[in-house]
Amino acid sequence: MTDIFLEQDGDVANGVSLPMTSGKEAVTMTFQYQDKLPKLPIPPLEDTLERYLAAVKPLQSNKEHERTLAAVKEFATGEGPVLQEKLLKYAEDKSSYIEEFWYESYLHYSDSVVLNLNPFFVLEDDPTPAKNNQVIRAASLIISSLKFVHALRTETLEPDVFRGIPLCMSQFERLFGTSRLPTENGCIMQTEAQSRHIAVICRGQFYWFEVLNGDNQVCITEKELVANLKTIKQDAQQTPVVEAAKHAVGILSTENRKVWAGLRDILEQSSENKDALKVLDSALFVVCLDEVSPTTGDEVSENMLCGTYKIEQGVQVGTCSNRWYDKLQIIVCENGSAGVNFEHTGVDGHTVLRFVSDIYTDTILRFAQTINSHTKSLFHSSSHTRQQRNSNGTQIIDTTPKKLEWTLTPEVQTGIRFAESRLSDLILQNEIAVLEFNTYGKHLITNHQLSPDAFVQMAFQAAYYGLYGSIECTYEPAMTKAFLHGRTEAIRPVSTESVEFVKLFWTDAPGVEKLKSLRKAITAQVNLTKLCSKGLGQDRHLYALQCIWQRDHLGKINEDKIPSIYKDSGWQTLNHTVISTSNCGNPALRLFGFGPVVADGFGIGYIIKEEGIATLKNYLLDVRLLLLSEKRSHDLMRNVSDEENISMLSGYGYFDAGGLEELLEHHLEEKREGMQLVGKILKLVDY
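UniProt numbering puts the first residue of the sequence shown at 1, with every later residue one more than the last.
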C-alpha cells in the first residue's frame, strides 16, 4: 500500500515487460504472465548488512551503534555466510524465498487479530442516493463481488500491470472461500476453491445461502438478494437483544488465537456446530449488516476496523460482536456506508484494493447501463444465469437463506462473555482519528518537483518529533509484486537525512535551509523506496536468514548460540515499529487504516489525493508556506521527473500462480447435498 517505483526499462522485474499490441484488443487471461515473472532476488549478504547498518544508525546512540557494528562484523565473518548458502539452497525449488516464512510469521501470531492484523477499507458512498440504503447497497455490492469471483474463476479478470510490467496475481486465489482457522499449535489457512455460498451476520446471528452455480455463474438476482437480506434482518430482530448477545459466537474470532482454538474445539463437539462452522469456513465471504449509521470519518473508521462499543441492558450490543474476523468481510451500515475488513495472512492491501475498486466501479456501471444500454461492462464474460441447475442439469439451486443455530455449552457461553470483555478493553485502549486535509495535495507537491509519498513520510517524522522530541522506528511497505509470489519489502524511512531535517524543522533556521534539508531527505527516501521495490531491502532477507537458523536449531535453542546480529539491541530496535504507515489511493476509496503494531505505537493509513491529504495539518501548512516562498524566489520547472511523478497502482495484489484447484464433481456435489441441510430455512418476505 505505497507509491510503487518501477522503472520503465523493466529493471525491477529483470526486463519482464509486455509486448506491444495492435489496434485490436488482445484477449488477456488472469494468470497468463505468471510463468514469466522472475523470482524475488536474494541480495548479497554484504549489501544487506550495509543497508541494515544504515537503517539502524539513526535510531541509535553512538555507543549502541558501535555494539551493533561489532555484532554485524561477527555475523559477516561467522554464521552469516553459512546461513546465506543454506538460504540459497532452500530457495532453489521455491517460488519465493520469503513466502513460507511469511506465512509462519502471520499464522503463529497468537494475539487477537482485531486492530493488530486486520486492516479496513471504506468505500465512497454510492453516487446514486437510492442505493445508500443498507439492503440495497449490500445487494449491489454482493452482485458486483460475485461477478468479480466469476471473472477470477473463469480467468477473464484483467491481470494487474504497471507501466508495461505484469504483476503477480497469485494472491487472488486466496481472497475468496478462505479462512484463518485457529489450532493449538498456531493457525492454518484453508481455502475452498469451489465455494458457491456467502454468509451474512446480523445482530450477531449467522445466515447463509447459495449464490453461484456449478459454472461459477451468479444464480441469484439483485432483487432476490434484497429479499434475502430483508428476510435476514427481520428474523434477526425477533431475537431479544440479551439473548442475541449470549449467542454472539462471532466475538470468539476476536480472542487470543489459542483461546479461540480451545473454544472452537469445544464447539465442534456438537455436530450441529461443526456443520455450521464448515459453512462459515467455506463461504466466499461474509456480509455484516450493522445497525449503526456512522457519519464522521472517525465513526466509520472505528466501525470498519474494530466495530462499535455499546452496552445495553448490561450486555454488549455494539457492532464489535457482529463480525467473523477469520475471513474477508463486507460491512454495510444502515445508512449505506460500506467497507471491508480483511484477514491479512494471504493477501496484501493491493489485492483487496483491486477487488473493492472493481466492485465499486461495477456498481456505477450497472446503474449507467439502466440509462444507456451501450455502456461497457467492467467484466468481459457473462456472469449471470437464470438456469438454477448444476452442470449435470439435475439439481436445482436453492438460494433461500438459512439460519445457523448453535448449541452452546456453559463453557462456550463463558468464553463469549470473556471475549467480549477483552475486546471491549482492546477497543477502549485505542483511539481512532481521521484528518481529511483539503488545503493541498499531490498537485502542489509534484509541482515543486517532490515525491508525494516521501513528502508525507517526512511529515510523519516531523510531527512525531515535534510531539515527543524523539526519533522512532518507522515502517512503510514497498510492494514487490513484480516478482513471482511477491509480497512487500520494508522501507525504513528514518535516515540520517530525515533526522537532520526533522531536527532542523523545529528550529528558527531560515526557510531556505529547511527546504534544502527536506529535499535531501526526500531524495534519500525515494532512492530507498526504489531499492526496496526491487527486493533489495534488509528486513525480509535478514528475517529469512533468522528463520533458517531457527529451523536448524528447532527445539534446542540456546541463548548463547543465537547469532550475534539477532541478539544485538539493534535488531530489536528495528523490529519495534512505533510508526507503522501505509499509503493507498483509489477513486473508489474514502478511507483506510489499521491498528498500531506495538503498544506505544501509531497505525497510519494515508491517501494522497490531487488536492488533499488525509494526514497532519499544521506541518503541511508550514511546509506549503516554505514551498510558496521558494517558488517566488525561483521559477521552478513544472516538469516532474519519472521518479517523482509516481502515481498509485489502480489496484492491489499478491497470490499463488496458475488456475484454481479442480475437484472431482461428484465429491463437490456430495458435500453440497449435505450442506443444504445445515441451518433453519427462513420464510422469504415479499420482494
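Note that beta-carbon positions come from the ideal geometry of N, C-alpha and C, so glycine has one too.
What you are looking at is a predicted structure, and each value in this text was computed from that prediction instead of being measured.
Thinking residue i and residue j are a contact (beta carbons under 8 Å), I'd like their distance in whole angstroms, please.
i: Asp326; j: Val678; result: No, Asp326 and Val678 are not in contact; Cβ-Cβ is about 18 Å, not under 8 Å.
i: Gly585; j: Ile607; result: 5 Å
i: Thr254; j: Val114; result: 5 Å
i: Asp290; j: Ser144; result: Their Cβ separation, rounded to whole angstroms, is 19 Å, which puts Asp290 and Ser144 out of contact at 8 Å.
i: Leu282; j: Glu192; result: As written in the sequence, residue 282 is Ser, which differs from the Leu given in the question. Right, the Cβ-Cβ distance comes to about 4 Å (below 8 Å), so this counts as a contact.
i: Met479; j: Ser533; result: 7 Å
i: Arg180; j: Met189; result: 6 Å
i: Ser580; j: Gly601; result: 6 Å
i: Leu628; j: Lys514; result: Contact flag wrong, Cβ pair sits at about 13 Å.
i: Ala588; j: Ser357; result: 4 Å
i: Ile427; j: Cys320; result: 6 Å
i: Trp324; j: Val279; result: About 11 Å separates the two Cβ atoms, so there is no contact after all.
Using the rule of at least 16 other Cβ atoms within 10 Å of the residue's Cβ for burial, across every protein chain shown, is residue i buried or exposed?
i: Met20; result: Caution is warranted here: a pLDDT of 46 is assigned to Met20, below 50, making its placement in the model unreliable, and the coordinate value is therefore given only provisionally. Exposed, since its Cβ has fewer than 16 Cβ neighbours within 10 Å.
i: Asn639; result: Since pLDDT at Asn639 reaches only 41, below the 50 mark, its modelled position is unreliable, and the value read off the structure follows with that caveat. Result: exposed.
i: Ala130; result: exposed
i: Glu436; result: exposed
i: Gln457; result: buried
i: Leu371; result: The residue asked about is misnamed: residue 371 is Ile in this sequence, not Leu. With fewer than 16 Cβ atoms within 10 Å of its Cβ, Ile371 is classed as exposed.
i: Leu621; result: exposed
i: Gly651; result: At Gly651 the pLDDT is 29, less than 50, meaning the model places this residue with poor confidence; the figure from the coordinates comes in the next sentence. The residue is buried, with at least 16 neighbouring Cβ atoms inside 10 Å.
i: Gly23; result: Interpretation of Gly23 is limited by its pLDDT of 44, a score under 50 that renders its predicted location unreliable; no figure is taken from the coordinates.
i: Asn341; result: buried
i: Asn438; result: exposed
i: Glu343; result: buried
i: Gln194; result: buried
i: Pro510; result: exposed
i: Val512; result: exposed
i: Ile681; result: exposed
i: Lys376; result: exposed
i: Lys683; result: exposed
i: Ser451; result: buried
i: His150; result: buried
i: Val623; result: buried
i: Leu649; result: In this prediction, Leu649 has a pLDDT of 30, which is less than 50 and means its spatial position is unreliable; what the coordinates show is noted afterwards. Its Cβ being crowded by 16 or more others within 10 Å, Leu649 is buried.
i: Leu107; result: buried
i: Tyr468; result: exposed
i: Gln525; result: buried
i: Ala244; result: buried
i: Ile251; result: buried
Less than 7 Å separating the Cβ of residue i from some heavy atom of the ligand ADP?
i: Arg163; result: Ligands are entirely absent from the displayed structure, and the ligand ADP is therefore not among its contents.
Measure from the alpha carbon of residue i to the alpha carbon of each residue in the options, then state which is nearest.
i: Asp47; options: Gln32, Tyr468, Gln84, Met29; result: Gln84
i: Leu225; options: Glu489, Gln572, Ala138, Val512; result: Ala138
i: Glu66; options: Ala151, Ile562, Asn341, Leu53; result: Leu53
i: Leu591; options: Pro119, Asp111, Phe101, His108; result: Pro119
i: Tyr33; options: Leu484, Lys609, Thr231, Ile330; result: Leu484
i: Gln313; options: Gly339, Lys246, Gly297; result: Lys246
i: Val317; options: Lys376, Ile416, Asn273; result: Ile416
i: Ile604; options: Gln234, Ser301, Leu141; result: Ser301
i: Gly80; options: Ser564, Ala199, Gln461; result: Ser564
i: Ala55; options: Glu472, Gly595, Ala544, Leu684; result: Glu472
i: Glu610; options: Ile445, Gln676, Asn303; result: Ile445
i: Gly593; options: Phe121, Gly537, Ser105, Lys516; result: Phe121
i: Cys187; options: Ile522, Leu157, Tyr109; result: Tyr109
i: Arg422; options: Tyr309, Ser498, Ala459, Lys481; result: Tyr309
i: Lys36; options: Leu167, Trp260, Leu175; result: Leu167
i: Lys39; options: Val72, Ala71, Glu99; result: Glu99
i: Pro401; options: Tyr90, Val72, Gln676; result: Gln676
i: Lys233; options: Asn216, Arg203, Glu210; result: Arg203
Just list the residues that DSSP pairs residue i with in beta bridges.
i: Ile232; result: Answer is none; Ile232 lacks a bridge partner.
i: Phe602; result: Ile579
i: Arg180; result: Met189
i: Ile98; result: Answer by DSSP bridge pairing: none, since Ile98 is not bridged.
i: Trp208; result: Ala199, Lys402
i: Ile427; result: Its beta-bridge partners do not exist; DSSP assigns none.
i: Met479; result: Thr488
i: Glu312; result: Val315
i: Leu123; result: Leu589
i: Ala459; result: Answer is none; Ala459 lacks a bridge partner.
i: Phe162; result: Ile165
i: Ala338; result: Val332
i: Gly612; result: Lys609
i: Thr474; result: Ile579
task = Output the residue ranges of the beta strand (DSSP E) runs that lie fully inside the segment 256 to 307 and measure 3 residues or longer, sorted by chain position.
result = 286 to 289
key: Whole runs of the beta strand (DSSP E) within the segment 484 to 569, excluding any shorter than 3 residues   = 488 to 491
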